[in-house]
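A.B. asks: Numbering (our numbering), first residue to last: 69 to 227.
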């Protein structure tokens, strides 16, 4: 099992204010890194006869904000790579993505309580870590043997 969970999401400002260096760094960490790692590990999984790759993306891929445009673009690209790698490495290796909304994590420490109180998601709160973990465990297990090329949204029904 490979879980591609590394990422960065700095505020980029306007497109004109976003430096080429920042743009390249965000895409390198969030898109190029998972692509190269999946290429290496996925090939080995195919040779071994089985495996599961799980990419962690973001609802920003489909609900972008201008100040996070490079981040959103990188996560949208990872959604596409998920589908392409599912075809490339199948049928032996399953490749899926978890497209998460805001979650209660260390990264969200400075804004999570406010986001929890003011969430307009269907569940009226942001997610909890165990709610991602259970989906990762499902995708890593043989119980998801017919699930590949899927981008599963875990957002509590955000708008």
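In this text, a Cβ means the ideal position worked out from N, Cα and C, and glycines have one as well.
Keep in mind the model is a prediction, meaning the values are calculated, not measured.
Within the same chain, show all residues whose beta-carbon is closer than 7 Å to that of residue 203, passing over the 5 residues directly before and after it, in chain order.
C.D. replies: The answer, listed in chain order, is 166, 220, 222.
A.B. asks: Residue 181 lies in the alpha helix (DSSP H); which residues open and close that run?
C.D. replies: Taken as a continuous stretch (DSSP letters only), the alpha helix (DSSP H) holding residue 181 covers 180 to 186.
A.B. asks: Pick from 153, 94, 185: whose alpha carbon is nearest that of residue 163?
C.D. replies: Here the closest residue by C-alpha is 153.
A.B. asks: Using a beta-carbon distance below 8 Å, is residue 209 in contact with chain B?
C.D. replies: Among the protein chains of the structure shown there is no chain B, as only one such chain exists.
A.B. asks: Any heavy atom of the ligand HEM closer than 7 Å to the beta-carbon of residue 98?
C.D. replies: The ligand HEM is absent from the structure shown, which contains no ligands of any kind.
A.B. asks: Ends of the beta strand (DSSP E) at residue 164?
C.D. replies: Its beta strand (DSSP E) spans residues 161 to 168.
A.B. asks: What residues are listed by DSSP as bridge partners for residue 126?
C.D. replies: Per DSSP, 168.
A.B. asks: On the DSSP letters alone, give me the boundaries of the beta strand (DSSP E) that residue 72 sits inside.
C.D. replies: Where residue 72 is concerned, the enclosing beta strand (DSSP E) stretches over 70 to 72.
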